[in-house]
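So the structure is just underneath, and the comments pick up after that.
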Amino acid sequence: MLTKRLIACFDIINGRVTKAKQFQDNIDVAPADDLAEKMYADGIDELIFYDITASAQKRKIDIETVKRVAQRVCIPFSVGGGIKDLHDMYETLKAGAEKISVDSMAVRNPQIIKDGAKAFGSQCIVLSCQVKRTQKTASGYEVFIDGAQEPTGMDAIEWIQKGQDLGAGEICLNSIDFDGMMTGYDLELMVKAGRAVSLPLIASGGAGLPQHLKELFTHTDSLGAIISSMLYSPRADKNFSVQELKNYLADHNVNVRK
Amino acid sequence: MISIIDYKAGNAPSVLNAVHKLGLKARLCPKPEFLRGASHIILPGVGSAGATMRSLAESGFLSALSEAVLQKNIPYLGICVGMQILFEYSHEENTECLGWLKGNVIRFDSTKVRVPQMGWNKVRFTKPVPFNCADNYFYFVNSFYAVPQDKADIWGTAEYGTDFTAAVNRGNIYGTQFHAEKSGAAGLELLRGFLQC
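Line order of the protein sequences matches chains A and B. Numbering-wise, our numbering comes out as the position in the first sequence, counting from 1, plus 10. Numbering-wise, our numbering comes out as the position in the second sequence, counting from 1, plus 14.
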């Protein structure tokens, strides 16, 4: 049986992991490859790297960091931020990443999802969305871009359905409202998304305690959970090891890789 | 020399990184000539069966591979799509494949499970091979899976809505639907075993 995945998310600035709260006020944590190797040894299932300032600053993805990480960990990882075209995707995959996470760029140019899926396979293309609760859209969720700074007016649920039709292989939903708050995931968002698409879903934003993971996996159809604050944020009251989290989940009948 | 086929759609560098982690040397092979002197051949796979077959045909690998694997009996490991193309036919883009093993490649039923399968699944190894291989979790990313006609070719199985073939073996030919190169310590051990064949 397929296990639920714990995915450590790293926001990278200049090759170093940083930690933000609601997409702002990043503080420095550690070099990306060191922290990646530490998480790998601790049993993390997957990693995601966002080169968070690349998109806003219109510079290219930090390929050297991708290569260094790939040499040190033998688990899947995705890379997002600063990827603008098929060539960038090709370079990133060749550097050792499994998947490309497209976000703001895909909103500006949805065709990139289709082109990427055709060139490298759907499984390589993760559609990542920054989502905020709103009264303005039918689903009650709106897509934001550029580090959660810019509203688009787009309905988040309609957008992920479109992403699925265009050929994305996985959907990652980042709750702007819950990000860094450590009060739990936006379960309602994940339930709505689970009904709307048949692709695997990853939830992001809000985990602070092991029971938040249990709630996500028992109340929604999410196959993956992004965690970051609770693993390594200096802002968190307590950091958990991956093994602690997996032991807790296994004790509560969540199927995890141990 | 361990030879990793490096074609456009593959993730050869990830496999090379994994082999390096084992403390072994390997070379990436962008052209069929590089297969001369190969001790082991690994065909990494990502993307579609169609793109993989086209890419192998365009770069002239098809005859070189048949010669190395079927005539010289060099140990071969196909990963993910590299395993799927061992069979006769894939329903992904209706692709004629190598046909070294009898059987077809079909899609998971997306009314039952989320497709693609993405994540760590438990593999049970059901057939002895010349190296030790314990049941463990391995990393899968696939929408399609192989259905071998000869059940004796099945090396391991896993469950995703249905029992499916997770690994195959016939003589010097090995295939894993999972990404051994991205399956942590379990994957590295399997690679080590294969490379000792």
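Glycine included, C-beta positions come from ideal geometry on N, C-alpha and C.
The C-beta of R78/A has 16 or more other C-beta atoms within 10 Å across all chains shown, which makes the residue buried. For G92/B, there is no enclosing alpha helix (DSSP H); the residue is part of the beta strand (DSSP E) that begins and ends at Y90 to I93. Scanning P89/B, T140/B and Q191/B for the CA closest to the CA of I55/B turns up P89/B.
Excluding five sequence positions before and after A52/B, the CB atoms of its chain that fall closer than 7 Å to its own CB belong to M15, S17, A82 and I88, given in chain order.
Annotation: C19/A has no Cβ neighbours in chain B at a cutoff of 9 Å; minimum Cβ distance is about 16 Å.
Of all residues in the segment 124-136 of chain A, only K128, A129, F130, G131, S132, Q133 and C134 place a beta-carbon less than 9 Å from a beta-carbon of chain B. Inclusion of F101/B and V119/B in the CB contact set at 8 Å is warranted, their separation being smaller than that value. The alpha-carbon separation between I155/A and G215/A amounts to approximately 15 Å. C-alpha of N25/B to C-alpha of V155/B: approximately 13 Å in a straight line. Within chain B, no C-beta atom comes nearer than 8 Å to that of E152/A; the closest sits roughly 25 Å away. For the segment 104-123 of chain A, the set of residues with a beta-carbon nearer than 9 Å to any beta-carbon of chain B comprises K104, A105, G106, A107, E108 and K109, in chain order. Those residues of the segment 122-133 of chain B placed with their C-beta closer than 9 Å to a C-beta in chain A are S124, T125, V127, R128, V129, P130, Q131, M132 and G133, ordered along the chain. In terms of Cα proximity to G90/A, the closest of D187/A, K14/A and E101/A is E101/A. Counting only runs that start and end inside the segment 103-151 of chain A, the beta strand (DSSP E) elements of at least 3 residues fall at 109-112 and 135-143. In the three-state DSSP reduction, I62/A falls in the helix class (H, G or I).
Taking the C-beta atoms as reference points, G170/B is found nearer than 8 Å to A181/B. Collapsing the DSSP output to three states places I16/B in a strand. For P41/A, the enclosing beta strand (DSSP E) has its first and last residue at Q34 to P41.
Within chain B, the residues placing a beta-carbon under 7 Å from that of Q81/A are N31, ordered along the chain. For K202/A, the secondary structure class from DSSP, reduced to helix, strand or coil, is helix.
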